[in-house]
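*Asks:* Before we start, here is the structure in question, set down as structure tokens.
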Amino acid sequence: MVLIDGKATANQIKNEIAEEVKAIKSKGERAPHLAAVLVGNDGASLTYVGSKVRSCEKVGFDSSLIRLPEETTEAELLAKIAELNQDDTLDGYIVQLPLPKHIDEEKVLLAIDPKKDVDGFHPSNFGRMALELETFIPATPFGIMQLIERYDIDTQGKHVVVIGRSHIVGRPISILMSQKGAYGNATVTVAHSRTKDLKALTQQADIIVSALGVPGFVTAEMVKDGVVIIDVGITRVEDASKEKGYYITGDVDFDSVAPKASYITPVPGGVGPMTIAMLLKNTLLARKWNS
Ligand code: GUN
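Below is the structure:
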């Protein structure tokens with residue numbers, strides 16, 4: 013069994029990005045610049061965004077954190093987005109999700125200039141991805157593809173079962189893995205809440221990508237020997253005995269599934285750290301494509 017080290021791989025990618033940033037700066041050009049907009053005070057979002065900003069510093073990017081109060085109106089947020097779209101010192105930005113309930117997420121994502129949409133959530137970027145055109149691939153599926161590539165996992169003709177059909181993970185990863193290419197060409201099944209007899213599907217899967225958010229959902233009896241497990245679930249479970257008052261766990265019952273797996277991503281330390289690295293990668297791509 014190979015434990016896929018997302019933290020080490022993410023650090024390697026960040027080091028590669030840092031080298032490129034050095035080369036850009038040595039030409040007298042400004043550093044790539046990523047901004048993050050955070051509306052409200054959601055604890056998990058604050059943690060993610062803080063981590064994104066720190067990672068920018070690590071690779072030599074400029075970063076801006078734009079914090080807006082919980083009661084920000086949709087019109088105010090759209091005005092901020094219009095401003096960021098026009099800001100020539102900014103290569104890319106993200107609006108951290110989820111947004112407060114009174115703001116229409118779809119409207120906000122549509123307002124982001126696709127050229128600065130380093131999350132890859134804008135419909136035109138999602139469409140470009142589906143059509144295999146050059147674009148920003150959303151960070152989580154991009155990170156999964158990088159892990160598959162850097163660990164040289166064979167996907168040709170393999171049966172991939174993706175659990176979950178979210179716009180951020182399940183749907184895009186199912187598209188990417190079925191596309192032509194060295195780490196594509198898989199036969200993909202997308203399973204979801206209406207899927208009948210999921211166990212029968214997962215039992216014959218060569219690769220399982222679980223993006224459900226239910227701790228311990230994938231158990232040993234659901235998988236075959238030699239399976240590749242990509243666990244995208246990140247759930248905070250309250251636990252008073254922990255310093256932070258919670259611990260982080262994935263969708264996969266790691267202790268029982270790992271002995272049967274050929275490759276497995278742990279949680280934490282698997283897919284999670286990759287997402288920030290890929291956001292930085294997208295920002296570097298924005299810099300290249302837009303300058
Ligand atoms: N919330 C959880 N994951 C993400 C992400 O990748 N991008 C944004 N903008 N919000 C998120």
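For the numbering used here, count along the sequence shown from 1 and bump the result up by 12. Yeah, the Cβ is synthetic: ideal placement off N, Cα and C, and Gly gets one too.
1) Go through its chain and collect everything with a Cβ distance to Glu144's Cβ below 7 angstroms, but skip five positions before and after it.
2) Verify the contact flag: Ile246, CB atom, against every heavy atom of the ligand GUN, threshold strictly below 6 angstroms.
3) Distance check for Val61 and Gly238, CA to CA, integer angstroms please.
4) Is the distance from the Cβ of Val71 to the Cβ of Lys19 below 7 angstroms?
5) Roughly how many angstroms separate the alpha carbons of Ile180 and Val200, rounded to a whole number?
6) I'd like to confirm something about Asp116: is its beta-carbon nearer than 6 angstroms to some heavy atom of the ligand GUN, or not?
7) Relative to the ligand GUN, is the shortest distance from any of its heavy atoms to the C-beta of Leu109 smaller than 6 angstroms?
8) Would you tell me roughly how many angstroms separate the C-alpha atoms of Lys113 and Thr295, rounded to the nearest one?
9) Provide the residue span of the beta strand (DSSP E) that contains Asp74, from first to last.
10) Taking 7 angstroms as the threshold (C-beta atoms), are Met286 and Ala94 in contact?
11) Which two residues bound the contiguous alpha helix (DSSP H) that contains Ser253?
12) For the alpha helix (DSSP H) that Val120 lies in, which residues bound it at each end?
13) Could you name the residues of the same chain whose beta carbon sits closer than 7 angstroms to that of Gly282, not counting the 5 residues immediately before and after it, in chain order?
*Replies:* In brief:
1) For Glu144, where only same-chain residues beyond five positions count, the Cβ hits under 7 angstroms are Gln191.
2) No, the beta carbon of Ile246 sits no closer than 6 angstroms to any heavy atom of the ligand GUN.
3) Across the structure, Gly238 and Val61 are spaced so that their CA atoms are roughly 36 angstroms apart.
4) Against a cut-off of 7 angstroms, the Cβ pair of Lys19 and Val71 comes out as no contact.
5) Between Ile180 and Val200, the C-alpha separation is close to 17 angstroms.
6) No; taking the cut-off as 6 angstroms, the Cβ of Asp116 has no heavy atom of the ligand GUN nearer than that.
7) Result yes, Cβ under 6 angstroms from the ligand GUN.
8) Answer to the nearest angstrom: the Cα atoms are 28 angstroms apart.
9) Membership of Asp74 in the beta strand (DSSP E) is indicated by the continuous run 74 to 80.
10) No, the Cβ-Cβ distance between Ala94 and Met286 is not below 7 angstroms.
11) For Ser253, there is no enclosing alpha helix (DSSP H), as DSSP marks it with neither H nor E.
12) Residue range 117 to 123 is occupied by the alpha helix (DSSP H) that includes Val120.
13) Shown here for Gly282: same chain residues with a beta carbon closer than 7 angstroms to its own, the five before and five after excluded, namely Ile16, Gly18, Asp243 in chain order.
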